[in-house]
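To keep things clear, I will list the structure first and then write my remarks on it.
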Amino acid sequence: MPHRFDDATLSGVLGHMNSDHADDNLLIARAFGPDPSASASTMTGFDGDGGDWEATLHDGGSLAIRVPWPGGPISERPQVRREIVALYDEACRLLGVEPRPHA
């Protein structure tokens with residue numbers, strides 16, 4: 001059974017990703033989803049096993065994308081950031097995009 005994060009953690013991470021990292025969400029959806037031409041993406045959830053995104057497709061449809069954490073299962077909030085950064089870096093590598101430095 002994957003670790004379930006509390007509502008405050010879910011709300012904080014999802015709010016941050018969807019307001020401050022919309023471009024990162026799109027890169028992740030394009031790299032790990034079945035349609036690299038997705039036009040938008042929002043992070044919709046996560047648990048200890050991976051993250052969930054909803055991609056908007058060019059035809060107006062949408063697609064749910066589940067991506068496992070690269071480092072394996074997690075159970076603590078700081079690990080969420082580490083795993084999302086790892087997904088972003090891998091998405092950049094897969095898509096041939098220069099990643100920005102991480103603060």
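Residue numbers for the sequence shown, in the UniProt record's numbering: 1 to 103.
Heads up, the beta-carbon is just placed ideally off N, CA and C, and yes, glycines get one too.
- Message: Measuring only the C-alpha atoms, how far is T44 from F5?
- Response: Within the sequence shown, the letter at position 44 stands for residue 44. Within the sequence shown, the letter at position 5 stands for residue 5. One C-alpha to the other measures close to 13 Å.
- Message: Assuming G12 is part of the beta strand (DSSP E), what are its boundary residues?
- Response: On the sequence shown, residue 12 is found 12 positions in, with the first residue counted as 1. Taken as a continuous stretch (DSSP letters only), G12 belongs to no beta strand (DSSP E), being part of the alpha helix (DSSP H) at 7 to 20.
- Message: Taking the alpha helix (DSSP H) that E98 belongs to, which residues open and close that run?
- Response: Mapped onto the sequence shown, residue 98 falls at position 98. For E98, no alpha helix (DSSP H) run applies, since DSSP gives it neither H nor E.
- Query: For E83, is the classification buried or exposed, using 16 other Cβ atoms within 10 angstroms of its Cβ as the cut-off for buried?
  - Reply: Counting from 1 along the sequence shown, the entry for residue 83 is found at position 83. It counts as buried.
- Residues that G48 bridges to, as DSSP identifies them: Locating residue 48 in the sequence shown gives position 48, counting from the first residue. Note: G48 sits in no beta bridge, so no partner.
- Message: Going by DSSP, what residue range makes up the beta strand (DSSP E) through L63?
- Response: Stepping through the sequence shown from its first residue, residue 63 is reached at position 63. Segment 62 to 68, the beta strand (DSSP E) holding L63.
- Do you know how far the Cα of S39 is from the Cα of G60? Counting from 1 along the sequence shown, the entry for residue 60 is found at position 60. Counting from 1 along the sequence shown, the entry for residue 39 is found at position 39. Going from the Cα of G60 to the Cα of S39 covers about 9 Å.
- What is the rounded straight-line gap between the Cα of E98 and the Cα of C92? For the purposes of this step, residue 98 is taken as residue 98 along the sequence shown, with counting starting at 1. For the purposes of this step, residue 92 is taken as residue 92 along the sequence shown, with counting starting at 1. So the alpha carbons of these two residues sit roughly 6 Å apart.
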